[in-house]
């Protein structure tokens, strides 16, 4: 969470119900509002607060400004047993993403592997949510999307790509699924803002100054500079792959043609995406596959530990632990987000009462 | 090239013919020998010398030691219109990889998307070669493979995964294809060996010492330490994805079950892989797709440049330039590799005469 200060413990089901009610009040069909609430609260539960209920105010603002279509007409541009291409009509990215992944999963069960593109959508929330849908059904899932042109190519200073996230999930048997959910950049903008607020330097691998050179000054990076790719040219290469599979193959906007976004909720956020599923049962009995994933996870977990490291984690492992802890103890909403939601409730003439009797 | 010193300019077609003849003498069917020669020389042409003719001596050693089966019986374990699973019978990884990608491409033309796994193969050479096959035919290609357990998980010190490369290529129209070909680690072992030889420190993002902490000392890293993942936990997450798609889905060895390799050519090198193809023509007219890729490449190339940068490159762009230069002027073979090949020619009672009349 970016903001320091007081936190309010909130039950996930209470938060989910409130967000769904609020979005319904802003014109979303009930089912879609439920989907958005589900994905946001899942992010909060996993500790990915940057993609949780902190986004609600921005989403509502986008609806009000006409930047997000609450009642879109989803168009199927192409469809075969193995692929589909969707046009989102400027819909909630989250709603289209879930639908597209579901479609890819159904097709993968038949064909073994399938993918579905979606163009003209908005913010897709926590990208790892969609491959996790696949993993829950014993499938391998992959999701990626492009977005506003804010990060320059490696060696350049013209904002050209988004942070271009990629997420993959694998079903396991006795252990939690493996869930990789990463941006192609090393750090998120939120981490820079937090460091700037504290007056702390950032690692030299996080950001670039205005001339495109690494900087440890978060202020310089935020005001005049850029995010840095993870692993330099390697992260840029991955982001390029995401740009082509998400932005180009979908028929959507890509590169510098995607309007840059300065302020979330106030500026257009146009994204295009690809969702892929593979059914391991087309390669071996599903239980065998899951058992093999379990074995790899156990090998990794039992690695000797580097100096100063308490535990070795598999991708997504820390998030599953947070999810369990927060499912028991509630989601620690920051006071800032709590007040945002409270103000949104007032605006929409909705009752507001997220906090537990024993909160704080 | 790792070795400093004299270089000998060699014509690619001469080098290709020699390698093919040599491998035929060591029991490879002519067609397979031609494939291996083609992939190795392509690596030399692209400036990826670490995966070029420097590998020939190791391959011959592996054949002699029974670590590589020159006359394998490739088995098709499963096959549908969208997927296939192959067992390589300890074959040349390069031969099986090319065959598997070809199969994935044919299936993708029918289904839109397809993938083929291959287990029990050896070194696959320059991984980018296979997706480039797809790009040449107007398809999107992806290749990845696991291998000997030499790199510990992020935060650990038990060697568990290989450098787990991933390669993707996209067809373009008027510009060169986009070709990402990267290891999940930040630097290759060869770069550490070169720095050690020169007595130079390496960047703190390349390697770890024996306790798993970043080190700039290449000697420590080579003798007691490890390679570092690109982008830390991000590279490790990608490597995990490669391990599951390559090692687990194929039914091959994975994780610490893959024998670690200390010396290339002397120790077993067992790998498993996945090859995927997508046909953009199932999504839009191929020319439209290619034109869109061209547009993205041009946007990237025309980025303002960071301080000290002369040119912004798209993934694979530098390699295409080297390829053009070396196709004209010959491949600069190091004296070490030249002598290795010469000795192999003597051993096999083959004539040897790679150098051009005007070679230095």
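Chains as they are written, first to last, in the working numbering: chain H, 4 to 363; chain Z, 4 to 363.
Don't be surprised by glycine CBs; every beta carbon is placed ideally from N, CA and C.
Reduced DSSP category for residue 305 of chain Z - H, G, I as helix; E, B as strand; rest coil
Along the second chain, one-based indexing puts residue 305 of chain Z at 302. Under the three-state reduction of DSSP, residue 305 of chain Z is assigned to coil, being neither helix nor strand.
Nearest-angstrom Cα distance between residue 22 of chain Z and residue 256 of chain Z?
Within the second chain, numbered from 1, the residue matching residue 22 of chain Z stands at position 19. Within the second chain, numbered from 1, the residue matching residue 256 of chain Z stands at position 253. About 30 Å.
Exposed or buried, residue 148 of chain Z, counting other C-beta atoms within 10 Å across all chains shown (16 or more means buried)?
Start at 1 with the first residue of the second chain, and residue 148 of chain Z comes out as number 145. With 16 or more other Cβ atoms within 10 Å, it is buried.
Please work out which residues of its chain come closer than 6 Å, Cβ to Cβ, to residue 176 of chain Z, disregarding the five sequence neighbours upstream and downstream, and give them in chain order.
For the purposes of this step, residue 176 of chain Z is taken as the residue at position 173 of the second chain. The answer, listed in chain order, is 293, 294 and 297.
Buried or exposed for residue 76 of chain H, please, with buried defined as at least 16 other CB atoms from any protein chain shown within 10 angstroms of its CB.
Here the question's residue 76 of chain H lines up with position 73 in the first chain. Classification of residue 76 of chain H: exposed, given that the 10 Å Cβ count is below 16.
In chain H, which residues lie with their C-beta within 9 Å of the C-beta of residue 208 of chain Z?
If you number the second chain from 1, residue 208 of chain Z lands on position 205. The answer, in chain order, is 208, 234 and 235.
One or two residues paired with residue 232 of chain H in a DSSP bridge
For the purposes of this step, residue 232 of chain H is identified with residue 229 of the first chain, where counting begins at 1. According to DSSP, residue 232 of chain H bridges with H:188.
Between which two residues does the alpha helix (DSSP H) harbouring residue 132 of chain Z extend?
On the second chain, position 129 is the one that residue 132 of chain Z refers to. Unbroken alpha helix (DSSP H) run through residue 132 of chain Z: 132-139.
Cβ closer than 9 Å: which chain Z residues qualify as neighbours of residue 156 of chain H?
If you number the first chain from 1, residue 156 of chain H lands on position 153. Chain Z residues near residue 156 of chain H: 302, 303, 304, 306, 315, 316 and 317.
Apart from the five residues just before and just after residue 270 of chain Z, which ones in its own chain have a Cβ nearer than 6 Å to its Cβ?
For the purposes of this step, residue 270 of chain Z is identified with residue 267 of the second chain, where counting begins at 1. Around residue 270 of chain Z: 264.
Cutting at 6 Å between CB atoms, please list the residues of its own chain near residue 214 of chain Z, excluding the five before and the five after it.
On the second chain, position 211 is the one that residue 214 of chain Z refers to. Here the set comprises nothing.
Beta-carbon gap between residue 241 of chain H and residue 233 of chain H smaller than 9 Å:
For the purposes of this step, residue 241 of chain H is taken as the residue at position 238 of the first chain. For the purposes of this step, residue 233 of chain H is taken as the residue at position 230 of the first chain. Going by C-beta atoms, residue 241 of chain H is nearer than 9 Å to residue 233 of chain H.
Near-chain H residues of the region 137-164 of chain Z (beta-carbon distance less than 8 Å), N- to C-terminal order
143, 155, 156, 157, 158, 159, 160, 161 and 163
Alpha-carbon spacing of residue 19 of chain Z relative to residue 95 of chain Z, whole angstroms
On the second chain, residue 19 of chain Z is found 16 positions in, with the first residue counted as 1. On the second chain, residue 95 of chain Z is found 92 positions in, with the first residue counted as 1. The straight-line gap from Cα to Cα measures roughly 17 Å.
CA-CA distance, residue 262 of chain H and residue 150 of chain H?
Working through the first chain from its first residue, we reach residue 262 of chain H at position 259. Working through the first chain from its first residue, we reach residue 150 of chain H at position 147. When rounded, the distance between both Cα atoms is 8 Å.
Kindly indicate which three-state DSSP category residue 280 of chain Z falls into: helix, strand or coil?
Stepping through the second chain from its first residue, residue 280 of chain Z is reached at position 277. Strand at residue 280 of chain Z.
Out of H:318, H:30, H:237 and H:231, state which residue places its alpha-carbon closest to the alpha-carbon of residue 161 of chain H.
Here the question's residue 161 of chain H lines up with position 158 in the first chain. Of the candidates H:318, H:30, H:237 and H:231, the one whose C-alpha sits nearest the C-alpha of residue 161 of chain H is H:231.
According to the neighbour-count rule (16 or more other Cβ atoms, all chains shown, within 10 Å of its Cβ), is residue 16 of chain Z buried or exposed?
Your numbering for residue 16 of chain Z matches position 13 in the second chain. Residue 16 of chain Z is exposed by the Cβ-count criterion.
Three-state class that DSSP yields for residue 357 of chain Z in the structure shown:
The sequence position of residue 357 of chain Z within the second chain is 354, counting from 1. In the structure shown, residue 357 of chain Z sits in coil (DSSP, three-state: anything other than H, G, I, E or B).
Please name the residue, chosen from H:355, H:343 and H:354, that lies closest to residue 64 of chain H on a Cα-to-Cα basis.
Within the first chain, the letter at position 61 stands for residue 64 of chain H. The shortest C-alpha to C-alpha distance from residue 64 of chain H to any of H:355, H:343 and H:354 is the one to H:343.
Contact check, residue 59 of chain H vs residue 347 of chain H under 8 Å by CB: the rounded distance?
Mapped onto the first chain, residue 59 of chain H falls at position 56. Mapped onto the first chain, residue 347 of chain H falls at position 344. The pair is a contact, with the Cβ atoms about 7 Å apart (cut-off 8 Å).
Select from H:246, H:184, H:353 and H:326 the residue whose C-alpha is nearest the C-alpha of residue 274 of chain H.
Looking up residue 274 of chain H in the first chain gives position 271. Among H:246, H:184, H:353 and H:326, the Cα nearest to that of residue 274 of chain H is on H:246.
I'd like to check one pair, residue 338 of chain Z with residue 51 of chain Z: are the Cβ atoms closer than 9 Å?
Start at 1 with the first residue of the second chain, and residue 51 of chain Z comes out as number 48. Start at 1 with the first residue of the second chain, and residue 338 of chain Z comes out as number 335. Not closer than 9 Å, so no.
Cβ separation of residue 103 of chain H and residue 278 of chain H, assumed to be a contact under 8 Å, to the nearest whole Å:
Stepping through the first chain from its first residue, residue 103 of chain H is reached at position 100. Stepping through the first chain from its first residue, residue 278 of chain H is reached at position 275. The Cβ separation is near 5 Å, so the contact holds.
DSSP-derived helix/strand/coil call for residue 19 of chain Z:
As a working note, residue 19 of chain Z is residue 16 in the second chain. Helix.
Run through the region 50-120 of chain Z for me and flag every whole beta strand (DSSP E) of 3 or more residues, listed as ranges in chain order.
Entirely contained in the region 50-120 of chain Z, the beta strand (DSSP E) runs reaching 3 residues are, in chain order, 78-82 and 86-94.
Helix, strand or coil for residue 218 of chain Z per DSSP?
Your numbering for residue 218 of chain Z matches position 215 in the second chain. Residue state, collapsed to three classes: strand.
Could you run through the region 215-229 of chain H and flag, in chain order, every residue whose CB is less than 7 Å away from some CB of chain Z?
215 and 216
How about residue 70 of chain H: is its Cβ closer than 8 Å to a heavy atom in the ligand SAH?
The ligand SAH is not part of the structure shown, which contains no ligands of any sort.
Quick one: residues in its chain with C-beta nearer than 8 Å to the C-beta of residue 229 of chain H, no 5 flanking neighbours on either side, listed in chain order?
Within the first chain, residue 229 of chain H is the residue found at index 226, counting from 1. Excluding sequence neighbours, residue 229 of chain H sits near 153, 154, 155, 160, 162, 210, 211 and 215.
When you compare only the Cα positions, how much space is there between residue 220 of chain H and residue 34 of chain H?
Along the first chain, one-based indexing puts residue 220 of chain H at 217. Along the first chain, one-based indexing puts residue 34 of chain H at 31. Approximately 44 Å between the Cα atoms of the pair.
By the DSSP assignment, the alpha helix (DSSP H) with residue 340 of chain H in it spans what residues?
As a working mapping, residue 340 of chain H is identified with position 337 in the first chain. Its alpha helix (DSSP H) spans residues 338-350.
Segment limits, alpha helix (DSSP H) that includes residue 40 of chain Z
On the second chain, residue 40 of chain Z is found 37 positions in, with the first residue counted as 1. First-last of the alpha helix (DSSP H) with residue 40 of chain Z: 33-48.
Use the C-beta contact count for residue 135 of chain H: other C-beta atoms within 10 angstroms, 16 or more gives buried, fewer gives exposed.
On the first chain, position 132 is the one that residue 135 of chain H refers to. Residue 135 of chain H is buried by the Cβ-count criterion.
Using a C-beta cutoff of 9 Å, does residue 251 of chain Z count as contacting chain H?
Against the second chain, residue 251 of chain Z aligns to sequence position 248. So yes, residue 251 of chain Z belongs to the interface.
Validate contact between the region 115-131 of chain H and the region 301-310 of chain H using beta carbons, cut 8 Å, 3 pairs
The region 115-131 of chain H is not in contact with the region 301-310 of chain H.
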